[in-house]
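Colleague: My structure is below; once you've seen it, I'll send some questions.
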Amino acid sequence: SQRIMKRGEYAKAQRIVSTILPHIRAKTANPPMPIVEQPIGAAAPAVKSRTRNNAQRSCP
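All letters in the sequence shown, in the order written, are residues 1 to 60 by full-length UniProt numbering.
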C-alpha cells in the first residue's frame, strides 16, 4: 500500500489494493501479491529520497 500511496493518502491506497486483490485471485487462480508487487517494484525509484535539514547551527 505504501508504494502506491500518493501525497500521503495511505487509507485510499490500502482500499485500492484490498479491492483489486480478490479480482486478481479470481482471474488468475494464483496468489495476487507477486502479481501486484512486480509492476509496482518496476515503477518505483531505485533509490529512496530523503529530505535534508539545511538549517545552520548558531555558534556562540
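Ideal placement from N, C-alpha and C gives every residue a C-beta, glycine not left out.
Note that this is a predicted model, so its numbers are computed, not measured.
Three or more beta-carbon pairs under 8 Å between the segment 20-29 and the segment 40-53, yes or no?
Modeller: no
Colleague: Could you give the residue range of the alpha helix (DSSP H) that holds E37?
Modeller: As a working mapping, residue 37 is identified with position 37 in the sequence shown. Where E37 is concerned, the enclosing alpha helix (DSSP H) stretches over 32-43.
Colleague: Specify the secondary structure class of T19 as computed by DSSP and reduced to three states.
Modeller: Looking up residue 19 in the sequence shown gives position 19. It is helical.
Colleague: Any idea what DSSP makes of R25, helix, strand or coil?
Modeller: As a working mapping, residue 25 is identified with position 25 in the sequence shown. It is helical.
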